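Okay, structure first, notes after.
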Amino acid sequence: AQSVSQHNHHVILSEAASLELGCNYSYGGTVNLFWYVQYPGQHLQLLLKYFSGDPLVKGIKGFEAEFIKSKFSFNLRKPSVQWSDTAEYFCAVNARIGGFKTIFGAGTRLFVKA
Amino acid sequence: ETGVTQSPTHLIKTRGQQVTLRCSSQSGHNTVSWYQQALGQGPQFIFQYYREEENGRGNFPPRFSGLQFPNYSSELNVNALELDDSALYLCASSFDRSNEKLFFGSGTQLSVL
C-alpha cells in the first residue's frame, strides 16, 4: 500500500541552524510530492511541490526539497531557520491508485528557539 | 483564509449514533477530499469526490460515506459511531482531481463518548 514515512516526530533547533526533515514514500509508479505546513492556529497550507523536471524544488519562505527517485525520498531543507518557522510539517504523496489519493505522513513538529 | 469552510467546528456524539459533517469548497474547485486526523498523527485519507462521483478511497469501512453536490459542497457521513472515530475531520478542495494544491478547511473536531 502507498505510504509516507517521516523520520522525525519532533525537532528542536535554535535560530539560524540548518534544517533537514526526512521523508520517504513507498510507491513504485509516478508520484507527485508535496510538503505542507501548519503554523500554530492556521490551516494546513502548501509549502512546495514536485511534479516533474528539476528534482530540486524551491518553495515559500526559503524552503527547498530534493526528490531522489532512487531513494524514494523527498527531504525538506532550509539553510537557516527562524523562530517563525515553528510549525508542523507534513510530507505528502499523490498517485493514481484505484482513483486519486493524496497520502500524508505523520508530521514533524518543529520548534525553533529564539 | 483558504475559502474552504467546515461546519460544525465541534461536535459531541455518543457511540452508535450517526453524524454528518459539511464542507463548502473554494469557488471554482470541483474536487473535495476528506481526511481524519487523530491526535498526534497525520491526516488519513478517507475519500475523494470529483464532480459528484467518488474517485478514490482510503482504508475506511463503508460506514464512512460521502456526497458531493452540484455546487461542489460536500458531506461526510459516519454511521454507527465508535469511540475511535473521535478525531479532527478535515475537508480539502482542489481545482481538479490531480490535487496539484489542496486547500484545507479548519476542520470539525468530533468527540464520541
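From first to last, the protein sequence lines are chains U and C.
Counting in the working numbering, the first sequence runs from 1100 upward without gaps.
Counting in the working numbering, the second sequence runs from 2 upward without gaps.
The C-beta atom is built at its ideal place from N, Cα and C for all residues, glycine as well.
Note that the coordinates shown come from a computational prediction; the quantities given were computed from them, not determined experimentally.
Give me the residue from the options with the minimum Cα distance to residue i.
i       : options                               : result
U/W1182 : U/H1108, U/A1116 and U/Q1141          : U/A1116
U/L1120 : U/I1202, U/R1195, U/A1191 and U/G1140 : U/A1191
U/Q1105 : U/T1207, U/G1140 and U/K1168          : U/T1207
What number of angstroms, rounded off, separates the C-alpha of residue i from the C-alpha of residue j?
i       : j       : result
U/F1173 : C/G29   : 30 angstroms
U/L1132 : C/G106  : 21 angstroms
U/T1129 : U/N1193 : 9 angstroms
C/G4    : U/P1178 : 32 angstroms
C/L84   : C/Q45   : 17 angstroms
U/S1169 : C/L68   : 39 angstroms
C/Y90   : U/Q1137 : 15 angstroms
U/V1211 : U/V1180 : 7 angstroms
Is residue i helix, strand or coil when you go by DSSP?
i       : result
U/G1152 : coil
C/L84   : helix
C/S26   : coil
U/I1196 : coil
Compute the minimum distance between the beta carbon of residue i and the heavy atoms of the ligand SAH, and state whether it is under 8 angstroms.
i       : result
U/S1179 : You won't find the ligand SAH in this model; it holds no ligand whatsoever.
List the DSSP bridge partners of residue i.
i       : result
C/Y36   : C/F46 and C/L91
U/A1213 : For U/A1213, which the question treats as bridged, DSSP gives no partner whatsoever.
U/Y1135 : U/L1145 and U/F1189
Checklist entry - Relative to chain U, which residues along the segment 91-109 of chain C have a C-beta separation below 9 angstroms, given in chain order? => result L91, A93, S95, R98, S99, N100, E101, K102, L103, F104, F105, G106, S107 and G108
Checklist entry - In the segment 1145-1159 of chain U, which residues sit with their C-beta less than 8 angstroms from some C-beta in chain C, listed in chain order? => result L1145, K1148 and F1150
Checklist entry - Taking a cut of 9 angstroms between CB atoms, which residues from the segment 37-63 of chain C lie near chain U? => result Q38, G41, Q42, G43, P44, Q45, F46, F48, Q49, Y51, E55, N56, G57, R58, G59 and N60
Item to check | Near-chain U residues of the segment 19-38 of chain C - C-beta to any C-beta below 7 angstroms | outcome: S34
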